[in-house]
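Per full-length UniProt numbering, residue 1 is the first one in the sequence shown, and the count goes up by one each step.
Positions of the beta carbon are idealized from the N, C-alpha and C atoms, including for glycine.
Here the structure is a predicted model, which means the values were calculated and not measured.
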Amino acid sequence: MVLPFRRAVAAVLLLRLVLGDASASSHNRDGAGRFDPTRVAHVSWHPRAFLHEGFLSDAECDHLIALARKGGLEKSMVVERKSGKSVESKARTSSGVFLTSKQDEVVAGIEERIAAWTFLPPENGEPIQVLRYENGQKYEPHFDYFSDKQNQAVGGHRIATVLMYLSNVKMGGETIFPSSEDQLTQEKDDTWSECAQLGYAVKPVKGDALLFFSLHPNATTDTNSLHGSCPVIEGEKWSATKWIHVRSFGYPKETTDDECRDENDKCPKWAAAGECAKNPEYMVGTRNSPGSCRKSCNVCGE
Ligand SMILES: *[C@@H]1O[C@H](CO)[C@@H](O)[C@H](O)[C@H]1NC(C)=O
Numbered sequence: 001m002v003l004p005f006r007r008a009v010a011a012v013l014l015l016r017l018v019l020g021d022a023s024a025s026s027h028n029r030d031g032a033g034r035f036d037p038t039r040v041a042h043v044s045w046h047p048r049a050f051l052h053e054g055f056l057s058d059a060e061c062d063h064l065i066a067l068a069r070k071g072g073l074e075k076s077m078v079v080e081r082k083s084g085k086s087v088e089s090k091a092r093t094s095s096g097v098f099l100t101s102k103q104d105e106v107v108a109g110i111e112e113r114i115a116a117w118t119f120l121p122p123e124n125g126e127p128i129q130v131l132r133y134e135n136g137q138k139y140e141p142h143f144d145y146f147s148d149k150q151n152q153a154v155g156g157h158r159i160a161t162v163l164m165y166l167s168n169v170k171m172g173g174e175t176i177f178p179s180s181e182d183q184l185t186q187e188k189d190d191t192w193s194e195c196a197q198l199g200y201a202v203k204p205v206k207g208d209a210l211l212f213f214s215l216h217p218n219a220t221t222d223t224n225s226l227h228g229s230c231p232v233i234e235g236e237k238w239s240a241t242k243w244i245h246v247r248s249f250g251y252p253k254e255t256t257d258d259e260c261r262d263e264n265d266k267c268p269k270w271a272a273a274g275e276c277a278k279n280p281e282y283m284v285g286t287r288n289s290p291g292s293c294r295k296s297c298n299v300c301g302e
């Protein structure tokens with residue numbers, strides 16, 4: 001009778017260890033943020049969406065905002081449906097800037113964490129885009145997958161998006177899914193904006209991250225992934241987006257360093273304005289037909 005008892009004690013001790021660890025990691029906002037499956041909540045199946053509380057630490061959020069300010073925010077553009085060109089639009093009134101991938105240790109750490117959470121390789125991700133929405137600014141509902149061939153030339157369709165909230169917003173600025181089947185069951189009090197009433201909505205909370213998929217499991221486009229950013233009513237919204245493609249974004253790594261160059265002085269500026277993603281044929285190119293700004297687009301490999 002002694003042995004089973006000992007085993008039971010050992011089991012309890014082990015359980016304590018495990019639980020102890022879990023509770024230590026469940027509040028970690030001032031330390032390094034980290035991927036913690038116990039903090040992930042399922043949001044919706046149509047579209048597939050999940051919310052990770054405290055994915056980023058406060059310090060990481062502030063750091064991304066500082067990098068964006070330093071990089072110089074520019075008026076956000078949208079991709080024209082048919083042509084694939086990027087153009088200004090009243091539907092998207094934020095300003096933003098693309099960081100470069102692995103820009104520094106903090107960014108590299110966040111990118112690794114995103115890969116771990118999404119089970120999608122880091123090289124399939126576009127560089128992180130940081131966005132600022134001021135009073136009244138918004139992004140009308142849209143899809144993250146592309147309808148044009150040109151944008152699919154590099155990395156193929158976007159399969160998933162990770163939206164990280166970098167600030168708390170007093171009122172408005174919710175992410176909204178107007179086609180989500182769960183919109184009818186979500187209860188909303190008057191802390192939600194009017195816009196948020198029109199679909200399943202997620203409040204921006206500093207450090208939280210929202211993951212949703214633009215493709216069905218069978219790899220066809222999911223029209224339920226329609227989403228937008230409600231107008232900010234009070235405060236300022238900062239977010240960071242990681243778009244993830246079905247293939248490696250950019251082109252194969254085998255290039256040598258001396259092949260890696262910009263062919264135009266404006267490349268760094270264009271890259272910062274998001275042209276690598278918006279105009280990949282020119283900026284990035286393919287292995288047989290390399291683009292003109294491969295250095296600034298950070299696609300030369302290591
Ligand atoms: C892919 O999956 C979606 C959602 O389940 C379904 O509506 C669609 O018909 C499927 N398409 C194919 C080609 O399997």
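The closest heavy atom of ligand 1 lies 8 Å or more from the beta carbon of ASN298. Below 8 Å, enough C-beta pairs join the segment 88 to 108 and the segment 59 to 77 to call them touching: three or more. Of the candidates ALA273, GLU234, ASP208, ASN279, GLU234 places its Cα closest to the Cα of GLY136.
The segment 124 to 139 and the segment 49 to 61 do not touch, with fewer than three beta-carbon pairs separated by less than 8 Å. SER239 and ARG39 have their C-alpha atoms some 19 Å from each other. By alpha-carbon distance to ALA273, the top candidate from PRO127, PRO37, SER83, LEU184 is PRO127.
Around the beta carbon of ASP190, fewer than 16 other beta carbons sit within 10 angstroms, so the residue counts as exposed.
Taking 9 Å as the cut-off, the beta carbon of VAL43 is found no closer than this to the beta carbon of PHE35. At a Cβ-Cβ threshold of 9 Å, GLY172 and SER147 do not count as neighbours.
Relative to ligand 1, the beta carbon of ASN218 is positioned inside 8 Å of a heavy atom.
By alpha-carbon distance to PRO178, the top candidate from ALA41, GLY155, TRP243, PRO47 is PRO47.
Per DSSP, ARG158 is one residue of the beta strand (DSSP E) stretching across 158 to 165.
Fewer than three beta-carbon pairs drawn from the segment 154 to 174 and the segment 77 to 97 are found closer than 8 Å, and the two stretches are therefore not classed as touching. As the crow flies, the alpha-carbon of LEU210 is around 6 Å from that of HIS52. Of the candidates PHE119, LYS102, PRO37, MET77, the residue whose Cα lies closest to the Cα of SER296 is LYS102. Judged by beta-carbon spacing, PHE212 lies beyond the 9 Å limit of ASN124, meaning their Cβ atoms are not closer than that value.
Comparing C-alpha distances from VAL169 to each of GLU181, GLU187, THR185, GLU236 shows the shortest one belongs to GLU236. In the three-state scheme derived from DSSP, where H, G and I count as helix and E and B as strand, CYS230 is classed as coil.
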